[in-house]
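*Asks:* Letter 231 of the sequence shown, counting from 1, is numbered 882 in the numbering used here, and no numbers are missing.
Think of the CB as a built atom: it goes at the ideal place given N, C-alpha and C, for glycine as much as any other residue.
Keep in mind that this is a model prediction, so the values were computed, not measured.
First, the structure itself, so that you have it in front of you.
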Amino acid sequence: MALSLHTLPVELIYRILDHLDELTIICSCHLVCTRLDAIIDTYHRYQTLTTLDLTSNKIGLEGTIYLAHALQQNKTLTILNLKHNKIYDDAIKYLADALQKNNTLTILNLDSNGIANQGAQYLGNALRMNKTLTTLNLDFNQIGYEGIQHLANALQQNKTLTTLGLENNQTGDRGAQYLADALQINKTLTEINLRLNRIRAQGAQYLGDALQQNETLTALNLGCNEICAQGAQYLSNTLQINKTLTKLNLEINEIGDEGVHYLTNALKQNETLTTINFTHNKITSQGAEYLANALERNKTLTTLILKHNEIGDQGVEHLACSLRINKTLTTLNLDFNQIAHQGVQHLVNTLQQNKTLTTLNLENNQIGDQGVQYLAAALQINKTMTKLNLENNRIGAQGAQYLGDALRQNETLITLDLSFNRVSSQGAQYLARSLEQNKALTMLNLSYNHVDSTIQQLLVTEILQNNVHLKVLFES
């Protein structure tokens, strides 16, 4: 007797489906016949399928067409990741048409797909109709200001999208103007990523003016653009008025000390910003002094990122003085800032008094054993620090011994990164002995420290006998 989908028992079809992947079930099995559709709708894997990750699957045009048809019928999928799939503008049209009918998808990732202006227009049309999508990631595509205009026009009508990723496109100042116009009207977008978009001071001015009126955006990423000091001045004017922005990323924008000066004037008044990223902005000790003055008055900033600048020991001194007064900063990142043991010495008195700082990143500096000695003295008194990063700081066995002595008394530090130093087998043994008493530390990174493999195994065994929760890393 010949068997067909019209006569096969349901349980047998279930068993067949058990051997198929999610993409095949959604795209190839659906719409074959009415009976199979009904059976798939009752199949447990299909009913519970809410997330589909198809990263780097070379889906292309044909696969996107199948997927688009499936999305028009599917009522379970909420997260769809299509990153790096060669879904160009011609394929985006089918996906966008499906989004106008789909009522369940909330997160769509189209990162790295070669989408250009025409594809952005199709997606803009979809955003006007769609009422469920909350996150759209278009990072690393080829959307120019014309495509941005289509998306921006749609944002003036859309009432559900909260997160838009546009990193590494070709927005430019003109595209920034279109987005600014949208932000003056849109009431739902809370986060926008414009990193690597050739935005200069003029674009920063457009966005800044919009944010003086916008009351919903909480996170703005302008990293790796070219806003310079003038753009920072425009944003400073905004921060004195805006009441909703909490995170601002300005990494790699050449704002310099002058730009920092403008922004710190705003930080003295702003009462909402909690995180600001100044990575790689040619900030010197002068800029650090401006920041220190602002920190003495600011009452909301919790995270300050100053990686890859030139603040040096003098800049650390300015910041350390302000942290004796500041009661809100919890995270300070000073990675790659030409800090030596003198700079750390300025921090010691602060760390002994400060009761809010929990995370300190000093990696890629030159504090050496002497600087570690100062830090260790502070750690014996400090009751709030939980994470300390000392990666690549020329720390030897002597420095490890200082830290070991501190860990015998410290009861709050949970993460200590000593990777890429010169701790050696001897220094590792000093630390191991101190950890016989310490029960707080849960992560110790000793990677790339010239610790003998035999010693590594012995230390891990000894340490785990005393603290089963501690993880020790020994990459080499």
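Identify the continuous alpha helix (DSSP H) that holds Asp-1020 and give its terminal residues.
*Replies:* Per DSSP, Asp-1020 belongs to the alpha helix (DSSP H) from 1019 to 1030.
*Asks:* If you measure between the beta carbons of Leu-1039 and Leu-1058, is that distance less than 8 Å?
*Replies:* No; because the gap between Cβ atoms is not below 8 Å, this pair is not in contact.
*Asks:* Give a yes or no on whether the minimum CB-CB distance between Lys-894 and chain C is below 8 Å.
*Replies:* Reference to chain C is not applicable here, since this structure consists of a single protein chain.
*Asks:* In whole angstroms, give me the CA-to-CA distance for Ser-1075 and Gln-863.
*Replies:* 55 Å
*Asks:* Rounded to whole angstroms, what is the Cα-Cα separation between Ala-653 and Thr-685?
*Replies:* The predicted position of Ala-653 is uncertain, since its pLDDT is 49 and thus under 50; a value taken from the coordinates is nonetheless stated next. Answer to the nearest angstrom: the Cα atoms are 19 Å apart.
*Asks:* Helix or strand or just coil, what does DSSP make of Val-1123?
*Replies:* Val-1123 carries a strand assignment under DSSP once its states are collapsed to helix, strand and coil.
*Asks:* Measuring only the C-alpha atoms, how far is Ile-878 from Gly-910?
*Replies:* 9 Å
*Asks:* Would you kindly work out how many angstroms separate the C-alpha atoms of Thr-1035 and Lys-919, rounded to a whole number?
*Replies:* 25 Å
*Asks:* Considering only C-alpha positions, which residue in the set Leu-787, Gln-965, Gln-835 and Ile-1018 is nearest to Thr-813?
*Replies:* Leu-787
*Asks:* Using only CA atoms, which one of Ser-763, Ala-771, Ile-730 and Asn-736 lies nearest to Asp-748?
*Replies:* Ala-771
*Asks:* Does Glu-877 come out as helix, strand or coil in the three-state DSSP assignment?
*Replies:* strand
*Asks:* Taking contact to mean 3 or more Cβ pairs, one atom from each stretch, closer than 8 Å, check whether the segment 850 to 868 and the segment 881 to 898 are in contact.
*Replies:* yes
*Asks:* Go to Met-1094, then tell me how far its beta strand (DSSP E) extends in each direction, as first and last residue.
*Replies:* For Met-1094, the enclosing beta strand (DSSP E) begins and ends at 1094 to 1096.
*Asks:* Enumerate in chain order the residues of its own chain whose CB-to-CB distance from Gly-795 is below 6 Å, with the five nearest sequence positions on each side excluded.
*Replies:* Asn-768 and Gln-821
*Asks:* Which class does Ile-738 belong to by DSSP, given the choice of helix, strand or coil?
*Replies:* coil
*Asks:* Tell me the residue span of the beta strand (DSSP E) that contains Ile-758.
*Replies:* 758 to 760
*Asks:* Could you name the residues that DSSP lists as bridge partners for Arg-851?
*Replies:* Glu-877
*Asks:* Would you mind giving the Cβ-Cβ distance between Tyr-739 and Ile-766, rounded to the nearest angstrom? I have them listed as a contact below 8 Å.
*Replies:* 7 Å
*Asks:* Name the DSSP beta bridge partners of Ala-870, please?
*Replies:* Beta-bridge partners of Ala-870 (DSSP): Glu-842 and Lys-898.
*Asks:* Do Gln-723 and Lys-752 have their beta-carbon atoms positioned less than 8 Å apart in this structure?
*Replies:* yes
*Asks:* Report the three-state DSSP secondary structure of Glu-961 (helix, strand or coil).
*Replies:* strand
*Asks:* Does the distance from the C-beta atom of Leu-957 to that of Asn-988 stay below 8 Å?
*Replies:* yes
*Asks:* Asn-732 by DSSP, collapsed to three states: which one?
*Replies:* strand
*Asks:* Excluding five sequence neighbours on each side, which residues of the same chain lie with their C-beta closer than 6 Å to the C-beta of Ala-827?
*Replies:* Ile-850, Gly-854, Tyr-857 and Leu-858
*Asks:* Any idea if Ser-973 is buried or exposed, counting beta-carbon neighbours within 10 angstroms, 16 or more meaning buried?
*Replies:* buried
*Asks:* Would you mind reading off the limits of the alpha helix (DSSP H) that contains Leu-1115?
*Replies:* 1104 to 1117
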